[in-house]
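Trainee: Here it is, the structure, as structure tokens.
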Amino acid sequence: MKDQNMEQKSTRKVWQDKAYQMEIAQLLRAVESPVETGLSSAEVAKRQAEYGSNALEVEKHSSLLEKFIEQFKDFMIIILLASAAVSLFASHEWHDAVIILLVVVLNAIMGVIQEAKAEEAIDALKEMASPDARVRRNGNVETIKSHELVPGDIVLLEAGDIVPADMRLLEANSLKVEEAALTGESVPVDKDIAPISLEDAGIGDRKNMVYSGTNVTYGRAVAVVTAIGMDTEVGHIANMLAHAEKTKTPLQRDQDRLGKSLTIMILAIAAVTFVVGLLRGRAITDMLLVSISLAVAAIPEGLPAISTIILSLGTRSMAERKALVRTLPAVETLGGTQVICSDKTGTLTLNQMTIEKVYFDGKLQDRSVEIPAENPLLRSLVLANDTKLDAEGKLIGDPTETAMVQFALDQHFPLQENESKYPRVQELPFDSSRKLMSTFHPMGGEFLLCTKGAPDQLLQRCSHIVENGEVRPLTEEDRKAILSENTKMAREALRVLAAAYQICNAVPDSPRSEEVEQNLIFAGLVGMIDPERKEAAAAISVAKG
1 MKDQNMEQKS
11 TRKVWQDKAY
21 QMEIAQLLRA
31 VESPVETGLS
41 SAEVAKRQAE
51 YGSNALEVEK
61 HSSLLEKFIE
71 QFKDFMIIIL
81 LASAAVSLFA
91 SHEWHDAVII
101 LLVVVLNAIM
111 GVIQEAKAEE
121 AIDALKEMAS
131 PDARVRRNGN
141 VETIKSHELV
151 PGDIVLLEAG
161 DIVPADMRLL
171 EANSLKVEEA
181 ALTGESVPVD
191 KDIAPISLED
201 AGIGDRKNMV
211 YSGTNVTYGR
221 AVAVVTAIGM
231 DTEVGHIANM
241 LAHAEKTKTP
251 LQRDQDRLGK
261 SLTIMILAIA
271 AVTFVVGLLR
281 GRAITDMLLV
291 SISLAVAAIP
301 EGLPAISTII
311 LSLGTRSMAE
321 RKALVRTLPA
331 VETLGGTQVI
341 CSDKTGTLTL
351 NQMTIEKVYF
361 DGKLQDRSVE
371 IPAENPLLRS
381 LVLANDTKLD
391 AEGKLIGDPT
401 ETAMVQFALD
411 QHFPLQENES
421 KYPRVQELPF
431 DSSRKLMSTF
441 HPMGGEFLLC
451 TKGAPDQLLQ
461 RCSHIVENGE
471 VRPLTEEDRK
481 AILSENTKMA
491 REALRVLAAA
501 YQICNAVPDS
511 PRSEEVEQNL
521 IFAGLVGMID
531 PERKEAAAAI
541 SVAKG
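1 is the number of the first residue of the sequence shown in UniProt numbering; add one for each residue after it.
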């Protein structure tokens, strides 16, 4: 495995390691892959022979028997086995031998279980891989198995996709990627195509890169593959897990030191006893038996069993408090914890954005209010939205957008019916400068423009307001009232978004914000929050002591 990794590493090109620092034109020259047509079949075959398959390749797992035998290489275990053999054959005390063997076998079984769990972690990394990928090859867009990807492939990404390899972005349309598997941060990261000037930028700082196993939650992109298989960041993690050195807890290290010290002392005392007996004229066989019996009696064969029982009791105590411990030695380590470093999103909170307040028809109301399905606020929130439903009915996309769709579903809004009735034909993607997103949908002989975004930005582009189904001009008093409600929700730690719409006669081929996002009809506001876990406050209090 080690030789294989070294061989893979030697095939890497400079552009693969420095892709995030390079200008796109410079990178494409180095990659030798045309963006519009992608690689040819002949070039793909050539690169597959050079780079191999886009799959995690780890050492073959050893059998349970091999794992079991491996557990008997510990110094203390060898001493215990020796004492069992001596006890059985020299003194014919089979009771002691059986007890010692039971203790040794119990410890070996625990070791096998722990190794199996480590292998499960590596297998879990394999399951992060995307099964398919959309690529440009031979001038066409093809869907291939992700293990067929090669460096230089041009890949198309959209919301809901699992990134199939490490890639440098060439085009990014409001792209957000959830990178929790690599960085631990559950909030989706905004991506762009600008080169990074920092020489040794960390994974979290490489905004122009996407990594194998991460999830696209929003937007679309075109990217070029820079690393596959074991050369990806996930591959590095898999390799590290496969070759990780087993570190011992302080208790385990103390037990090892105690075992070695006791062994030296016991052997020394047994040797002195043997020599003194001989000097006093005792028979060699008698003194040999006495010395061995003394050594066997002095060896603390019950120590491993006692420590196992104590740690098991600690595990049980934690389980009663709904804290699951996978490995027994971790109990002792947890007992010495002094500082807890905790993330907020997903740990102290539910990581589920939820709409709590709604402002429409001139009133601020909570989420329990019933809103008619034909209300333009619901329709705008759902249509100007990239959230998708997977085969299991789960919402896939940016947490903010999925919160809007979930709210509409809770209101019994006919989601699929509206998506079929108003298909998206054009859009103005969200960007950080104007803080808006707009989509166009055919409606009879006209087109419906739906817009959502930051309240202050959207309100500047509105000339009318809809209240109780009636559209009227937006007055200065209306603006003040809307901004006042926006401020109230913001003070309650809610994230506030506004929605508006407009009826258009036509859709431009290349819509521009200053032309189409004007004279909008204001529909309402929504305030959302990532709720804290019910047990978070109590947990923090307990941790503080």
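Yeah, the Cβ is synthetic: ideal placement off N, Cα and C, and Gly gets one too.
Could you check where the alpha helix (DSSP H) with Glu-57 kicks off and where it finishes?
Mentor: The count along the sequence shown starts at 1 and reaches residue 57 at position 57. From DSSP, Glu-57 is part of no alpha helix (DSSP H); its letter is neither H nor E.
Trainee: Which two residues bound the contiguous alpha helix (DSSP H) that contains Phe-522?
Mentor: On the sequence shown, residue 522 is found 522 positions in, with the first residue counted as 1. Unbroken run through Phe-522 is the beta strand (DSSP E), 520–529; no alpha helix (DSSP H).
Trainee: Do Ala-165 and Ile-193 have their C-beta atoms within less than 8 Å of each other?
Mentor: What you label residue 165 is simply residue 165 of the sequence shown in a count that begins at 1. What you label residue 193 is simply residue 193 of the sequence shown in a count that begins at 1. No, they are not a contact pair.
Trainee: What did DSSP end up calling Pro-473 once you bin it into helix, strand or coil?
Mentor: As a working note, residue 473 is residue 473 in the sequence shown. In this structure, Pro-473 counts as strand in the three-state DSSP scheme.
Trainee: In the DSSP output, which residue or residues are listed as bridge partners for Thr-337?
Mentor: Indexing the sequence shown from 1 puts residue 337 at position 337. DSSP lists no partner for Thr-337.
Trainee: Tell me, which residues are paired with Met-209 by DSSP?
Mentor: Along the sequence shown, one-based indexing puts residue 209 at 209. BP columns for Met-209 point to Arg-168.
Trainee: Which partner residues does Gln-26 have in the DSSP bridge list?
Mentor: As a working note, residue 26 is residue 26 in the sequence shown. Partner(s): none; Gln-26 has no beta bridge.
Trainee: Rounded to whole angstroms, what's the CA-CA distance from Ala-268 to Gly-314? Just pull it up for me.
Mentor: Here the question's residue 268 lines up with position 268 in the sequence shown. Here the question's residue 314 lines up with position 314 in the sequence shown. In a straight line, the C-alpha of Ala-268 is about 36 Å away from that of Gly-314.
Trainee: What separation, rounded to the nearest whole angstrom, lies between the Cα atoms of Asp-361 and Arg-220?
Mentor: As a working mapping, residue 361 is identified with position 361 in the sequence shown. As a working mapping, residue 220 is identified with position 220 in the sequence shown. Cα to Cα, Asp-361 sits roughly 35 Å from Arg-220.
Trainee: Name the DSSP bridge partner or partners of Val-177?
Mentor: Numbered from its first residue, the sequence shown carries residue 177 at position 177. Beta-bridge pairing links Val-177 to Val-189, Val-216.
Trainee: Helix, strand or coil for Val-224, going by three-state DSSP, please let me know.
Mentor: As a working mapping, residue 224 is identified with position 224 in the sequence shown. Reduced to three states, the DSSP call for Val-224 is strand.
Trainee: Can you tell me which of Leu-102, Val-234, Thr-402 puts its alpha carbon nearest to the alpha carbon of Asn-54?
Mentor: Here residue 54 is taken as the residue at index 54 of the sequence shown, counted from 1. For the residues Leu-102, Val-234, Thr-402, the minimum Cα distance to Asn-54 belongs to Val-234.
Trainee: Using DSSP with H/G/I as helix, E/B as strand and the rest coil, what is Asn-140?
Mentor: As a first step, residue 140 is located in the sequence shown; it is residue number 140 there, counting from the start. In the displayed model, Asn-140 falls within a strand according to three-state DSSP.
Trainee: Would Ala-45 be called buried (16 or more neighbouring beta carbons within 10 Å of its own) or exposed?
Mentor: Sequence index remark: in the sequence shown, residue 45 carries index 45 (1-based). Counting of Cβ neighbours within 10 angstroms places Ala-45 among the exposed residues, the total staying below 16.
Trainee: With a 10 Å radius around its C-beta and 16 neighbouring C-beta atoms as the bar for buried, classify Val-542 as buried or exposed.
Mentor: Start at 1 with the first residue of the sequence shown, and residue 542 comes out as number 542. The residue is exposed, with fewer than 16 neighbouring Cβ atoms inside 10 Å.
Trainee: How about the segment 438–456 and the segment 502–509: do they share at least three Cβ pairs that are nearer than 8 Å?
Mentor: yes
Trainee: If you run the structure through DSSP and keep just helix, strand and coil, what is Arg-495?
Mentor: Walking along the sequence shown from the start, residue 495 turns up at place 495. In this structure, Arg-495 counts as strand in the three-state DSSP scheme.
Trainee: If you run the structure through DSSP and keep just helix, strand and coil, what is Asp-361?
Mentor: As a working mapping, residue 361 is identified with position 361 in the sequence shown. Coil, per DSSP.
Trainee: Per DSSP, what kind of secondary structure is Thr-402 in: helix, strand or coil?
Mentor: Along the sequence shown, one-based indexing puts residue 402 at 402. Helix, per DSSP.
Trainee: In chain order, what residues of the same chain lie with their CB nearer than 8 Å to the CB of Leu-278, ignoring the 5 residues before and after it?
Mentor: By one-based count along the sequence shown, residue 278 stands at place 278. Around Leu-278: Ile-284, Met-287.
Trainee: Just how far apart, CA to CA, sit Glu-370 and Glu-477?
Mentor: Counted from its first residue, the sequence shown places residue 370 at position 370. Counted from its first residue, the sequence shown places residue 477 at position 477. Distance between the alpha carbons of Glu-370 and Glu-477: 26 Å.
Trainee: My assumption, with CB atoms under 8 Å, is that Gln-457 sits in contact with Leu-436. Please give the rounded CB distance.
Mentor: As a working mapping, residue 457 is identified with position 457 in the sequence shown. As a working mapping, residue 436 is identified with position 436 in the sequence shown. At roughly 6 Å, the Cβ-Cβ gap stays under 8 Å, so Gln-457 and Leu-436 are in contact.
Trainee: For residue 563, does the three-state DSSP call read helix, strand or coil?
Mentor: Outside the shown range of the chain (1 to 545) lies residue 563, about which nothing can therefore be said.
Trainee: Thinking just about the alpha-carbon of each residue, which of Arg-280, Phe-274, Arg-282 is nearest to the one in Ala-295?
Mentor: Walking along the sequence shown from the start, residue 295 turns up at place 295. When each option's Cα is compared against that of Ala-295, the closest is Phe-274.
Trainee: Excluding five sequence neighbours on each side, which residues of the same chain lie with their C-beta closer than 8 Å to the C-beta of Gln-48?
Mentor: By 1-based counting over the sequence shown, the position of residue 48 is 48. Around Gln-48, the same chain offers Glu-148, Val-150 as residues with beta carbons nearer than 8 Å, after the five sequence neighbours per side are excluded.
Trainee: Pull the bridge partners of Leu-428 from the DSSP assignment, please.
Mentor: Taking the sequence shown and counting its residues from 1, the one referred to as residue 428 is at position 428. BP columns for Leu-428 point to Ser-438.
Trainee: Enumerate in chain order the residues of its own chain whose CB-to-CB distance from Gly-152 is below 7 Å, with the five nearest sequence positions on each side excluded.
Mentor: Taking the first residue of the sequence shown as 1, we reach residue 152 at position 152. Within the same chain, Gly-152 has close Cβ partners Val-31, Glu-32, Ser-33, Leu-39, Arg-47, Val-224, Val-225.
Trainee: Give me the Cα-Cα distance between Asn-107 and Thr-232, rounded to the nearest whole angstrom.
Mentor: Your numbering for residue 107 matches position 107 in the sequence shown. Your numbering for residue 232 matches position 232 in the sequence shown. Rounded to whole angstroms, Asn-107 to Thr-232 spans 37 Å at the Cα level.
Trainee: Since Tyr-501 sits in a beta bridge, which residues does DSSP pair it with?
Mentor: Translated into the one-based positions of the sequence shown, residue 501 becomes position 501. BP columns for Tyr-501 point to Cys-450, Ile-521.
Trainee: Less than 8 Å between the CB atoms is what I'm expecting for Val-135 and Ile-154, so what's the real figure, rounded?
Mentor: Mapped onto the sequence shown, residue 135 falls at position 135. Mapped onto the sequence shown, residue 154 falls at position 154. About 6 Å; that satisfies the 8 Å criterion.
Trainee: Do Ile-203 and Leu-169 have their C-beta atoms closer together than 8 Å?
Mentor: Position 203 of the sequence shown, counted from the first residue, corresponds to residue 203. Position 169 of the sequence shown, counted from the first residue, corresponds to residue 169. No, the pair does not count as a contact, with Cβ atoms beyond the cut-off.
Trainee: Count the C-beta pairs between the segment 466–473 and the segment 393–408 that are closer than 8 Å, then say yes if the count reaches three, no if not.
Mentor: no
Trainee: Please state the DSSP three-state secondary structure of Ile-78.
Mentor: As a first step, residue 78 is located in the sequence shown; it is residue number 78 there, counting from the start. Of the three classes helix, strand and coil, the one that applies to Ile-78 here is helix, per DSSP.
Trainee: Shortest alpha-carbon distance to Leu-383 belongs to which of Gln-416, Ile-355, Asn-351, Tyr-359?
Mentor: Reading the sequence shown from its first residue, position 383 is the one you call residue 383. The residue with the shortest Cα to Cα distance from Leu-383 is Gln-416.
Trainee: Is Lys-534 helix, strand or coil by DSSP?
Mentor: By one-based count along the sequence shown, residue 534 stands at place 534. DSSP places Lys-534 in coil when its eight states are reduced to three.
Trainee: Does the separation of the CB atoms of Lys-191 and Asn-215 fall below 8 Å?
Mentor: By 1-based counting over the sequence shown, the position of residue 191 is 191. By 1-based counting over the sequence shown, the position of residue 215 is 215. No. Outside cutoff.
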